[in-house]
Each structure stands twice: as structure tokens, then as C-alpha cells.
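Before any comments, here is the structure.
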Amino acid sequence: MASASLWSGTLPAPLTLRFDRSELFRMKPLALLAFSIAGMAMPYAAAAPVVSVSCPQAAPSTWNLPAARLDSVRVLSYPANHPPVDGEALPILAPIREWTSAGTLYQRWDINFDAPRYLFQVDCLYATTERYLRMDLPGVKQCVATVKQRTKIVRFQCK
Numbered sequence: 048m049a050s051a052s053l054w055s056g057t058l059p060a061p062l063t064l065r066f067d068r069s070e071l072f073r074m075k076p077l078a079l080l081a082f083s084i085a086g087m088a089m090p091y092a093a094a095a096p097v098v099s100v101s102c103p104q105a106a107p108s109t110w111n112l113p114a115a116r117l118d119s120v121r122v123l124s125y126p127a128n129h130p131p132v133d134g135e136a137l138p139i140l141a142p143i144r145e146w147t148s149a150g151t152l153y154q155r156w157d158i159n160f161d162a163p164r165y166l167f168q169v170d171c172l173y174a175t176t177e178r179y180l181r182m183d184l185p186g187v188k189q190c191v192a193t194v195k196q197r198t199k200i201v202r203f204q205c206k
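Just so you know, our numbering puts 176 at position 129 of the sequence shown, and the rest follows in order with no gaps.
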């Protein structure tokens, strides 16, 4: 029979399970399978989480704008030890690569290659307003903007 004993003290009580031999023998193949699966999953769990950032297709509803869609983006970078002062212009990063395919313009930025010395951000710019949504880009390696040339629909995503 399985019995549980609780340890009392100042620390939270750990749960101790005790099994007799027949239960342990019966559980051994199942436990071995569980430990094998857990062991295979460990490298994935320990890996850094995948960070994904994208500009919303529409301006935030709190801006109270009539259907302002994503119009363009600005990728920004500045030294971590020299944060921008309010009103100071930030350096805009040019895409590292730009190409067209099947009526779509692609722009790619490789970023965070010199982190943590430099910080990266994106400004999501929306039609019909000068306001923009600024987001930090920590931990992402690459950003891609796409512009469908026929419809002018802009998408921006970083991973």
C-alpha cells in the first residue's frame, strides 16, 4: 500500500511516498517510461524560450482612431549605456536585406548580435495618425517586414 508521511517544520512539508515491493515491481516499467520521456524533454525545457514580437495589424483601440491599419515600421537601436533622452531622435536601422517575390516586398533585419551593449526596439506606425506603438525587442534574432504591393498590407514579425 502506498502511504504518505508529512514532515512538519518551518519549511513546507515534502510528500514522501512509500511503496511495498509488489507495487514497486508493478510500477517499474511505467516509471522507467515516464523518466525516459522526461529525460528526452529536458533539453527542450532548458532551452531559452522562443521570443516572438509582432506589430498588431490595427492601432490600439485605446487610441480611439477609426480603423487605422499598420502602415510601416521603424527598427531602432541605441547603446544600452546611453538611453535616449525624451524627444531625441533614435537611429533607424536599415534592413540588412530587401527583396521582392510574387508581388511582396520583404525586408529583413538581423538584430541583437551585439546585445547587451545595444538595445533594439520597433516603432509600429499606423495610417491616419502620427502616433506609433514602440516595443522592445529583447532576445529576438531576426525581424521581417512584408508589404503586399497590390494591397499595401504590411506585416512585421520578429523571432
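Don't be surprised by glycine CBs; every beta carbon is placed ideally from N, CA and C.
Just reading off the beta strand (DSSP E) that residue i is part of, what are its end residues?
i, result
"Q204", "201-205"
"P230", "Beyond the ends of the chain as shown, which are 48 and 206, falls residue 230; an answer cannot be given."
"T193", "189-195"
"D157", "151-157"
"R164", "Neither: R164 is in no beta strand (DSSP E) and is coded neither H nor E."
Taking the alpha-carbon positions, what's the residue i to residue j distance?
i, j, result
"L112", "D118", "14 Å"
"I84", "L166", "With a pLDDT of 49 at I84, under the threshold of 50, the modelled position of that residue is not reliable, and the figure given next carries that caveat. So the alpha carbons of these two residues sit roughly 38 Å apart."
"L226", "R181", "Any answer about residue 226 is impossible in this case: the structure gives the chain only from 48 up to 206."
"T175", "V98", "30 Å"
"N159", "P126", "12 Å"
"T151", "V191", "12 Å"
"Q189", "W110", "29 Å"
"P163", "T198", "38 Å"
"A115", "P130", "30 Å"
"F203", "D170", "10 Å"
"Y91", "L184", "A caution first: Y91 carries a pLDDT of 43, below 50, which makes its placement in the model too unreliable to give a value."
"A105", "I200", "11 Å"
"S108", "A141", "29 Å"
"G134", "P103", "24 Å"
"A149", "V122", "25 Å"
"Q196", "R178", "24 Å"
"D161", "S124", "10 Å"
Give me the Cβ distance between residue i and residue j, rounded to the nearest whole Å; I'm assuming they're in contact under 8 Å.
i, j, result
"R155", "I139", "About 15 Å separates the two Cβ atoms, so there is no contact after all."
"V187", "K206", "6 Å"
"V217", "L172", "No information on residue 217 is available, as it lies outside the stretch 48 to 206 that the chain covers here."
With DSSP as the reference, please indicate the residues paired to residue i in a beta bridge.
i, result
"C171", "V120, L180"
"E135", "Looking at the DSSP assignment, E135 forms no beta bridge with any residue, so it has no partner."
"T198", "DSSP, once it has assigned bridges, lists no residue as partnering T198."
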